[in-house]
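Taken in order, the sequence shown gives residues 0 to 769; the numbers are from numbering that gives the first Met the number 0.
Where a beta carbon is used, it is the ideal one built from N, C-alpha and C, also for glycine.
Quick caveat, the model's predicted, so the values are computed rather than measured.
First comes the structure, then the notes that go with it.
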Amino acid sequence: MLLGLAAELGTTRPAAAQEDVPLFLVNDSTTVGDVDFTFRSTQTFETSQLAAEVATEGPTFFDKVRRVLPFVDMAPHPFAPLELQRDVARLRTFYRNHGFLQPQISYDEQTRLDTSANKIDVGFSIEEGPPLTIQDVSFYGPDSTTYAIRQFDSEAARERWVRLRDSNPFRIGERYTEYTRIRIKDAVLRGLKNRGYAFARTGSDVQIDSTANTVDLRFFVDAGPRTRIDEIQVVGNESVSRQVVLRELPFQKGDWFSSDALSRGQRELFDLQLFRVALAEVPPTPAQAQRQPRDTVTAEPRLPADTQPRDSTVTVRYQVREANLRYLTAEGGYARRLGVTGQGSWTHRNFLGDARVLSLDLLANTGFLARTDANAVTPERRFRASASVRQPYLFTTRLSGVASVFAEVGSNPQLDVSDRFLDTNAGEVGLSGTAIYQFMPFRTANLQYELSRAIQFRVDTTRAVDTVGTGPAPVPGGSEPIAERERDIFNKSILTASATLGRADDYVSPSRGFLVRPFLEMGLNVPFRSGTEYLKAGGELTGYHPLDDLLADDFSLAGRLQGGRVWPYGRSRRVLSAGASASGDAFSTYENRFDPIFYYAGGSDDVRGWTNRLAGSKVARRVVYNRQTNDPDTSYVYEAVGGRSKIAFSAELRMPFPGLGENWSTTAFLDGGQVGGANTPLAEEDAPDDFAFSNVRYGAGAGVRYRTPVGHLRLDLAFKLNPDFEDLRDPRDVFEYNQCRARPAATNCDAPDADHWRRLRLHLSIGQSF
Numbered sequence: 000m001l002l003g004l005a006a007e008l009g010t011t012r013p014a015a016a017q018e019d020v021p022l023f024l025v026n027d028s029t030t031v032g033d034v035d036f037t038f039r040s041t042q043t044f045e046t047s048q049l050a051a052e053v054a055t056e057g058p059t060f061f062d063k064v065r066r067v068l069p070f071v072d073m074a075p076h077p078f079a080p081l082e083l084q085r086d087v088a089r090l091r092t093f094y095r096n097h098g099f100l101q102p103q104i105s106y107d108e109q110t111r112l113d114t115s116a117n118k119i120d121v122g123f124s125i126e127e128g129p130p131l132t133i134q135d136v137s138f139y140g141p142d143s144t145t146y147a148i149r150q151f152d153s154e155a156a157r158e159r160w161v162r163l164r165d166s167n168p169f170r171i172g173e174r175y176t177e178y179t180r181i182r183i184k185d186a187v188l189r190g191l192k193n194r195g196y197a198f199a200r201t202g203s204d205v206q207i208d209s210t211a212n213t214v215d216l217r218f219f220v221d222a223g224p225r226t227r228i229d230e231i232q233v234v235g236n237e238s239v240s241r242q243v244v245l246r247e248l249p250f251q252k253g254d255w256f257s258s259d260a261l262s263r264g265q266r267e268l269f270d271l272q273l274f275r276v277a278l279a280e281v282p283p284t285p286a287q288a289q290r291q292p293r294d295t296v297t298a299e300p301r302l303p304a305d306t307q308p309r310d311s312t313v314t315v316r317y318q319v320r321e322a323n324l325r326y327l328t329a330e331g332g333y334a335r336r337l338g339v340t341g342q343g344s345w346t347h348r349n350f351l352g353d354a355r356v357l358s359l360d361l362l363a364n365t366g367f368l369a370r371t372d373a374n375a376v377t378p379e380r381r382f383r384a385s386a387s388v389r390q391p392y393l394f395t396t397r398l399s400g401v402a403s404v405f406a407e408v409g410s411n412p413q414l415d416v417s418d419r420f421l422d423t424n425a426g427e428v429g430l431s432g433t434a435i436y437q438f439m440p441f442r443t444a445n446l447q448y449e450l451s452r453a454i455q456f457r458v459d460t461t462r463a464v465d466t467v468g469t470g471p472a473p474v475p476g477g478s479e480p481i482a483e484r485e486r487d488i489f490n491k492s493i494l495t496a497s498a499t500l501g502r503a504d505d506y507v508s509p510s511r512g513f514l515v516r517p518f519l520e521m522g523l524n525v526p527f528r529s530g531t532e533y534l535k536a537g538g539e540l541t542g543y544h545p546l547d548d549l550l551a552d553d554f555s556l557a558g559r560l561q562g563g564r565v566w567p568y569g570r571s572r573r574v575l576s577a578g579a580s581a582s583g584d585a586f587s588t589y590e591n592r593f594d595p596i597f598y599y600a601g602g603s604d605d606v607r608g609w610t611n612r613l614a615g616s617k618v619a620r621r622v623v624y625n626r627q628t629n630d631p632d633t634s635y636v637y638e639a640v641g642g643r644s645k646i647a648f649s650a651e652l653r654m655p656f657p658g659l660g661e662n663w664s665t666t667a668f669l670d671g672g673q674v675g676g677a678n679t680p681l682a683e684e685d686a687p688d689d690f691a692f693s694n695v696r697y698g699a700g701a702g703v704r705y706r707t708p709v710g711h712l713r714l715d716l717a718f719k720l721n722p723d724f725e726d727l728r729d730p731r732d733v734f735e736y737n738q739c740r741a742r743p744a745a746t747n748c749d750a751p752d753a754d755h756w757r758r759l760r761l762h763l764s765i766g767q768s769f
C-alpha cells in the first residue's frame, strides 16, 4: 500500500517551475508543506474544525517565523502515507456523525509533491452530499410499544413529563447529528432524575431513510418509581465529622431525589477544601451491579450490601478522601514597581473542628531591584502579617464568615518620602470581619467591617508646584525646604458592602454575558472617631459578546464601564473643601489620608497608555531628602492628584492569533477616562473642572495574549491620543518651568519641548484586562 501511494504521488505532475527536477518517490525524509481543504459544492464546517480532525499537519505560522530566525530549529512535520489514508477515514466519520450520510472525500487531485524540496502539499477534496434531516421524534415506554406518558399514573406526573418532553431543544427538519441524539437522550434522563426518578433509564434508536435523507428518532424511557431519600451514607471521613458533611448538602432525609442537588452537594464539599476526593453516587440496583461489578472509587468488587432495591426510596452515598489538614505554601516573584516579592502561608483546614480554616500569612514586597518611574521616587514596599479564621457555615451553606487581624508597614508612593528604614512612610494595625453570601456560583454579596489604627510619617522636605489642567498654573514658591520629621496617627472605621451580579458562560474567562460589581463604602465615627469620614459609591459593568456570526470563530467584543463618587463629610469635608484657604498642615494631612480613597485613572488594567494613576491631574514635585547623609538626594516626580469622581470605559476586540494555536490571541483596544473633583492646594477659582467630556483622556493600541495555567500573559502597546501638557514632558522640566513662572516679574520662561515618544507605553501584566 505504501508503494502504491508513493507511485501515485510520484507521478503527479509538479509545478511548472519544477518540471526539470527528476521525480522520486516519497521517502522517510518527505515533509508536509501545507494542508488544505477544497469543497466541490457546499461547505458546512470551517477548515479549522476539519484540520483538528486529521493527524497530517503542516508548519504553523509560528513554525514559519522560527524558520527565518537564526539559531532556532523548526520542528519537523514528517509525511506519513498511511496516516493520510486514516485521515480520510476520520473525515468520513466526522461527516457521518454530523448528519452527512455519504460524503465523498479524497486527496488525489489536490495533493502535490515538490521533488526539489522533498516536500508535499496535501489537499483534501470534499463533497458533503445532502444532509440528513430529522423527520420525527417519538418517546416510548419501557415496553417499546406504548408511549412514555402511559407509565405515569397521576395527572401531576403526566404534566411534569409533558413539560420535560417539550423542553428539549430540537426542531423537526433540522440537520441530524449524532450529538443531537445524545443530547436529547441525556436531557430526558437528567430531567427525570431531577424530578425524583433516581432509577430512570433511557435508550434510543435511529431509523434512517437513505433515499429521502430523513431520520426518525425513537427514545425509550423507563422512569421507574419516584423516590424519596431514605438514607445518606458518608464513607471515608476520618477527622472530619459526619455532621459537617451532612450540613453542606442541599437536601435531607425525606426530600425528593434530585441529581442536580446531589452534584451541588459534591461541589459544596469540595469548596470546604478538606477533601481531595468527594464523589456523590447512588448505589446501584442488583441489575446495575452486574454491569458495574467494581466500586467507582476503590475499584474493589461490589458486595450485595452495596446495592439497593428499585423502589420508592433511595440511598445516596458520598465517598470522600481527606486532604492534608495542615499545609505550608511559599512563592516568590518579581514586579517592576514592587521588586522582588515573596509570600508564605501556613493553613490548618479543620481548626478546632467544624471545617474552620486558620491561615497565617506573611507578605513581603521588598522593593529590591525595583524600577521607579515618573510617579514614584521609591519602590512600593509592603510588609504584612495577618491571621484569619474562616467559618464556612453560618446558619446556611450559602453564608460564610472571615475574621482577621493584621499589621503592615510599607512605603506608599502617594505619600511624602521618609528617611526611615527602607523608606517606609505608612503603617497600620487592625482587625476586620467579613460576611459572604453566595446566592449563585461565582455571584456573591459581601459585607465587611474594618477597624484599624493607621500612622503616616515623613520627612517634610518637599516642594510642589501644581500643574493640573491643559497647561501650567503657577503657585508662588517659598524658601528652600528644611527637614522636619512629622507623623499622623488616626483611626479608620470602614464599612463596605459589595456584590458580584450577572450571567456569563464562564465566570473565570467569559466570552458571552455580563457582570455587574456595585459597591458602597463608608468611613464611620463608630465606635471611635475616624480620621477619614466619607461615603464612597461606585460600580463596574462588563459585557462580553462573541462575533462568530459577524466575523469568524473566536472573535469577540468585550466592554467595560466604571465610575463612582466620594463624598467626604464632617471635618474631612471642611478641610478638603477649604483647599488653599485651610491650614497648610491640615490640608496636607487630610489629603494624605484620602490618597487611597480618592479615584485615579491610568494603568495596565485601567486607561492604557498612561502609567499607574497618571491619566489625570498631576503635580510636578521636587523631592529632597538626606537619608542621614551630608549629600541629599534630589528627584523629580509626578504625583497623581486623584479626585472625588471618576468615569472610565474600555472596549476590546479580541481575536485569534493566526497559526499560533488556541492559547494565543490578539486584541485591539480603546480606553478612556477622567477623574474629576481634584483636591489640590489651589484656590477654588483655579481648580480644574469637576467633570467635562472634553477632558476625557483616550488611549488606543493593540496587544498579544498567551493563556497560561495561572492566567493570561498580556503584552499591550498603547498610544495616548490626547495627552495633557505634563504627559509629554519630563517632571523635572515641568517643575523648573513652573518655578520660573512663579517668580515675581518672571521673564524668559520657555515651556519645555514635548517628547512625542512619551505617547507610547508598553504594558506587561498577568490576567485579563477585565
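Problem - For F138, the nearest candidate out of F44, R180 and K118 (CA to CA) - result: For F138, the closest of F44, R180 and K118 by C-alpha to C-alpha distance is R180.
Practice task
Whole angstroms is fine: what's the gap from H544's alpha carbon to F692's?
Solution key: 27 Å
Problem - Beta-carbon contacts of F656 that lie in its chain and below 6 Å, excluding the five residues immediately before and after - result: W663, S664 and T665
Practice task
May I ask which residues mark the beginning and end of the beta strand (DSSP E) holding Y637?
Solution key: D632 to A639
Exercise for the section: Inspect the CB distances between the stretch 546-560 and the stretch 497-506 and report whether three or more fall short of 8 Å. Expected result: no
Exercise for the section: Can you grab the Cα-Cα spacing for the pair Y196 / L351, in whole Å? Expected result: 40 Å
Practice task
Taking A453 as the reference, give the member of K535, D120, G426 and D505 with the closest Cα.
Solution key: G426
Handout entry: Rounded straight-line distance, which links the Cα of R573 to that of S587
Key = 13 Å
Practice task
Answer with buried or exposed for M41, where buried requires no fewer than 16 other C-beta atoms within 10 angstroms of its C-beta.
Solution key: Per the sequence shown, residue 41 should be read as Thr rather than Met. Looking at its Cβ environment, which holds fewer than 16 other Cβ atoms inside 10 Å, T41 is exposed.
Handout entry: Counterpart residues of R266 in DSSP-defined beta bridges
Key = Residue pairing by DSSP places R266 in no beta bridge whatsoever.
Problem - Distance, V121 Cα to D204 Cα - result: 38 Å
Practice task
Give me the Cα-Cα distance between T43 and S257, rounded to the nearest whole angstrom.
Solution key: Using only the alpha carbons, I get a separation of about 39 Å.
Exercise for the section: Using a threshold of 9 Å, state whether the C-beta atoms of Y436 and R246 are closer than that. Expected result: no
Handout entry: Proximity winner among A699, R713, L131 and L398, relative to L763 (alpha-carbon distances)
Key = R713
Handout entry: Nearest neighbour of S634, chosen from V733, A667 and W255 [CA to CA]
Key = Minimum Cα distance to S634 is reached at V733.
Handout entry: Sequence-distant residues of its chain with Cβ nearer than 6 Å to L727 (five each side left out)
Key = A753, D754 and R757
Handout entry: Proximal residues to S262 (C-beta, below 7 Å), its chain only, five neighbours per side dropped
Key = A279
Problem - Reference E407, options V428, F38 and S387, closest by Cα - result: V428
Problem - Start-to-end residues for the beta strand (DSSP E) that takes in S693 - result: No beta strand (DSSP E) holds S693; DSSP gives it neither H nor E.
Exercise for the section: Locate the beta strand (DSSP E) running through G426, then write down its first and last residues. Expected result: DSSP places G426 inside the beta strand (DSSP E), whose first and last residues are A425 to M439.
Handout entry: Where the alpha helix (DSSP H) through W160 begins and ends
Key = E154 to D165
Problem - Simplified DSSP state of K719, which is helix, strand or coil - result: strand
Problem - Nearest-angstrom Cβ-Cβ length linking F718 and L759, presumed shorter than 8 Å - result: 6 Å
Exercise for the section: Please list, in chain order, all residues of the same chain as Q767 whose beta carbon is under 7 Å from its beta carbon, the five residues on each side excluded. Expected result: S508 and H711
Practice task
Quick one: give me the first and last residue of the beta strand (DSSP E) that N364 is part of.
Solution key: Counting along the chain, the beta strand (DSSP E) containing N364 begins and ends at V356 to N364.
Practice task
Name the two residues that bound the continuous beta strand (DSSP E) containing K192.
Solution key: Here K192 belongs to no beta strand (DSSP E); instead the alpha helix (DSSP H) covers E177 to K192.
Exercise for the section: Indicate the three-state DSSP secondary structure (helix, strand or coil) for L422 in the structure shown. Expected result: This sequence places Asp at residue 422; Leu is not what is there. Three-state DSSP puts D422 in a helix.
Exercise for the section: Output the boundary residues of the alpha helix (DSSP H) element that contains E326. Expected result: At residue 326 the sequence reads Tyr, which differs from the Glu that was named. Counting along the chain, Y326 falls outside any alpha helix (DSSP H), though it belongs to the beta strand (DSSP E) covering R325 to A334.
Handout entry: Enclosing beta strand (DSSP E) for R241 [first to last residue]
Key = From DSSP, R241 is part of no beta strand (DSSP E) but of the alpha helix (DSSP H) over R241 to R246.
Practice task
Round the Cβ separation of G338 and F367 to the nearest angstrom and send it over; I've been treating them as touching at under 8 Å.
Solution key: 5 Å
Exercise for the section: Please list, in chain order, all residues of the same chain as H76 whose beta carbon is under 7 Å from its beta carbon, the five residues on each side excluded. Expected result: T30, V31, E56, G57 and P58
Handout entry: Range of the contiguous beta strand (DSSP E) that encloses Y139
Key = T132 to Y139
Problem - Buried versus exposed, by CB contacts within 10 Å (16 or more), N96 - result: exposed
Problem - N-terminal and C-terminal residue of the beta strand (DSSP E) that D668 is part of - result: It should be pointed out that residue 668 corresponds to Phe in this sequence rather than to Asp. W663 to G675 is the span of the beta strand (DSSP E), which, as asked, contains F668.
Handout entry: Cβ neighbours of F799 in the same chain (closer than 7 Å, five flanking residues each side left out)
Key = Examination of residue 799 is not possible in this model, given that the chain is present from 0 through 769 alone.
Practice task
Give a yes or no on whether the C-beta atoms belonging to Y99 and Q109 are separated by under 9 Å.
Solution key: The residue asked about is misnamed: residue 99 is Phe in this sequence, not Tyr. Cβ distance not < 9 Å, so F99 and Q109 don't count as in contact.
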